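S.K.:
Residue numbers (our numbering): 9 to 214.
#1: Does the segment 192-201 come within contact of the segment 141-158, defined as at least 3 CB pairs closer than 8 Å?
#2: Using DSSP with H/G/I as helix, E/B as strand and the rest coil, what is residue 13?
#3: For residue 199, list the residues DSSP reports as bridge partners.
#4: Taking DSSP's pairing of strands, which residues face residue 90 in a bridge?
#5: Within its chain, find whatever has a CB closer than 8 Å to the CB of residue 25; leave out the 5 residues flanking it on each side and keep chain order.
#6: Contact between the segment 28-37 and the segment 112-124: three or more CB pairs below 8 Å?
#7: Measure the C-alpha to C-alpha separation of residue 205 and residue 191 and round it to an integer number of angstroms.
#8: For residue 66, count neighbouring C-beta atoms within 10 Å of its own C-beta (all shown protein chains included) and say buried if the count is 16 or more, exposed if not.
#9: Residues in the same chain with beta-carbon distance under 6 Å from residue 17, minus the five sequence neighbours each way, listed in chain order, please.
#10: Output the residue ranges of the beta strand (DSSP E) runs that lie fully inside the segment 87-172 and measure 3 residues or longer, sorted by chain position.
#11: Once DSSP output is grouped into helix, strand and coil, what is the label at residue 62?
#12: Would a check of beta-carbon distances place residue 88 closer than 8 Å to chain C?
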C-alpha cells in the first residue's frame, strides 16, 4: 500500500436484501500528513445456508457483538500501513485469533477487507478489479447460470445439491452467453414440466 495509512474505521448495522441484520464497514485512507485521500465502504450479508467448513458469520451470533469486536481491532489497525491487501487480511486474521473468525465474525472481517480494498483503489482513481489484479487483461468472465435449485433454497422434495450451474463454453460475447444460459433454463423447465407432474415451475430466491 506504499505510504498509505489506515484512517478511521466505522461499522454499523444494516438490513440485507432479505431483511436480515448484517454489518457495513466504512474505512478511510490517509497520507503521511493525515489528509484523507481515500474512502471505501462494504457490506457482508449472510446466505440462506452455511456449510460446516465456513467461518462464523458474527461474533456470538450477534451483529452488535461483531461491531463491538471490530471496534476493538480497529484501534489496532488505525494509523498502520500494509504492504498489500494480503498482508492486511493476514493481520485481521491474527487480531481475531481464531481459526473460524468467531471472535470478530467472518462477515465483519470480509466487510472490513473489502472496504479497505475499495478505499485504496479510490486513492489511485482505479476500479477495484484493477487494484486487486493490476496485471489482468480486460475481459469479461463467462456468466454461470443457475438452472436448478436445491438444498436450503428449495422445498423438501428438492435435491440436496444447492445449485446446478450451466457454463456457456464457446460463447463469443457476454450477451451471447447470457442468452444461452436463459435458453438452457427454459429448456430444463420444459423437460421438467413434461416429465414430472409434480413440478410447479417455482423459482428459488437465487
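Note that the Cβ used here is the ideal one computed from N, Cα and C, for glycine as well. Every value quoted in this text rests on a predicted model; they were computed, and no experiment measured them.
M.R.: Answer, in terms of the structure:
#1: Contact holds: three or more Cβ-Cβ distances are below 8 Å.
#2: The count along the chain shown starts at 1 and reaches residue 13 at position 5. In this structure, residue 13 counts as strand in the three-state DSSP scheme.
#3: Counting from 1 along the chain shown, the entry for residue 199 is found at position 191. The partner list for residue 199 (beta bridge, DSSP) is empty, contrary to what the question assumes.
#4: Position 82 of the chain shown, counting from 1, holds the residue named residue 90. Looking at the DSSP assignment, residue 90 forms no beta bridge with any residue, so it has no partner.
#5: Position 17 of the chain shown, counted from the first residue, corresponds to residue 25. 53, listed in sequence order.
#6: yes
#7: Start at 1 with the first residue of the chain shown, and residue 205 comes out as number 197. Start at 1 with the first residue of the chain shown, and residue 191 comes out as number 183. Cα to Cα, residue 205 sits roughly 22 Å from residue 191.
#8: In the chain shown, counting from the first residue as 1, residue 66 sits at position 58. It counts as buried.
#9: Here residue 17 corresponds to residue number 9 of the chain shown, with the count starting at 1. Only 35, 82 meet the Cβ criterion.
#10: 153-157
#11: What you label residue 62 is simply residue 54 of the chain shown in a count that begins at 1. DSSP, reduced to helix, strand and coil, places residue 62 outside both helices and strands of the structure shown, so it counts as coil.
#12: In summary, chain C is missing from the structure at hand, where a single protein chain is found.
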